[in-house]
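*Asks:*
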Amino acid sequence: MDKRPIGVFDSGLGGLSTVRAIKKILPNEDIVYFGDTGRVPYGTRSNETIETYTAQDIKFLQAFDCKMIVVACGTVSTVSAHIIERLSLPATGITYPSAKAAAEATKNGVIGIMGTSATINSGAFDRAIHSFKSDAKIVSVACPILVPLVENSWIDEDDEVTAAAVKRYLKDILEAGSDTIILGCTHFPLLAPIVQKAAGEGVTLIDSGLEEAKYVKSVLEEKGLQNERGHIGEQRFFVSDKPQNFTSAANTLLGESIDGRCEFVDIFRYI
Ligand code: DGL
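According to the working numbering, the stretch in the sequence shown is residues 151 to 421, in order.
1. Quick check on residue 354: buried or exposed, where buried means 16 or more other Cβ atoms within 10 Å of its Cβ?
2. Who pairs with residue 292 in a beta bridge, going by DSSP?
3. Between residue 257 and residue 350, what straight-line distance do the alpha-carbon atoms span, to the nearest angstrom?
4. Suppose the cutoff is 7 Å on Cβ atoms and the five residues either side in sequence are ignored; what does the same chain contact list for residue 322 look like?
5. Going straight from the alpha carbon of residue 229 to that of residue 153, what length do you get?
6. Can you tell me whether residue 276 is helix, strand or coil according to DSSP?
7. Under the criterion of a Cβ to heavy atom distance below 6 Å, does residue 246 qualify as lining ligand 1?
8. Just to confirm, does residue 191 get its C-beta within under 6 Å of one of the non-hydrogen atoms of ligand 1?
9. By alpha-carbon positions, which one of 192, 250, 395 and 295 ends up nearest to residue 281?
10. How many whole angstroms separate the CB atoms of residue 188 and residue 358, which I take to be in contact at a CB cut-off of 8 Å?
11. So is the beta-carbon of residue 272 under 6 Å away from any non-hydrogen atom of ligand 1?
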C-alpha cells in the first residue's frame, strides 16, 4: 500500500482524458496534475524543446514525492521516451498501452494513427505496433489543428468546424481500410464522438487515456503501490498560465467542479 500521489502531466488539458480514466479505474488514488497551458502546443516544436519541457514537467511533479509518473501527452511519450525510461521511479507514456491495444483489436491488420506532428515524425507508434504485430499496415497522420480546437473546447459532437477538420485528417486512414484508429494524442479522446461519427461504427477507436489508465492500474498492482481501499482519491491541478480557462474546461471534461483546486505554477523555476 502506498499513499503517495500519482503525478500526471500534459502540455495542456488533453491529459484530463487520462485523469478521467484513472479516476474511474483507480478511485482510491490521489493525483497531482500539471498542464503546461502556458506553452501548449508541444507537438509542433523541435525535439530539443520538447525534451527540455519534459524534464521541467517531471521535475515539478517530483516535488510531490509521486509514486508514479504518468505522461498523459502523446508528444512527450513518443519524443521523450528515452527520458521517461531513465526515471528511477515507475513511469509510463501512452505509446506502449495504446499500441498493444490496437494490435489486439485489429482484425484486418490495418491501423490508423492520429497524433501531433512531433509524434508522427518520431515513428514511435509504428515501432511499438510492429513489436506486437510485425505485419501490421500503418497509416499515420499528423493532426496539429485538432489540438487548439480542443484547447478552445470546440469538442461538441455537432461542431461543424472540428468535424470538418477531423474528416479531412481521416481521409488517408479510411481510404487505406483501417479498422482500428489510435487516438495517439491525449487531446483526441475528447473528440472521440466526432471521430467515431466520421469513421463509422465499424472502426475501433483506441482511447490513449483509457489504455494508459488500465496500464497504470496493472503497474500499481504488480508493484504493490495501490492506495488503501476506502480512501477517496483527491486531485490537485497546476497550470503554467492563468487557471480560469483550464478550470472551466476541466469542469466540463471531468464532469465535476475543480474550482479552487487549480493553481498557477511558474514552470520556468524547475530546471
Ligand atoms: N496532448 C498532447 C499530445 O498528446 C499534446 C498536443 C500538443 O501539445 O501539441 O500529444
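All C-beta atoms, glycine included, are put in the ideal place defined by N, C-alpha and C.
*Replies:* The answer reads as follows:
1. When all chains shown are included, residue 354 counts as buried.
2. Per DSSP, the beta bridge partners of residue 292 are 265.
3. Distance between the alpha carbons of residue 257 and residue 350 is about 16 Å.
4. Take residue 322, set aside five residues on each side of it, and the residues of its chain with a beta-carbon closer than 7 Å to its own are 289 and 291, in chain order.
5. Going from the Cα of residue 229 to the Cα of residue 153 covers about 31 Å.
6. Helix, per DSSP.
7. No.
8. Yes - ligand 1 has a heavy atom lying nearer than 6 Å to the Cβ of residue 191.
9. Here the closest residue by C-alpha is 250.
10. Going by Cβ atoms, the distance from residue 188 to residue 358 rounds to 23 Å, so no, they are not a contact pair.
11. Residue 272 Cβ: outside cutoff for every heavy atom of ligand 1.
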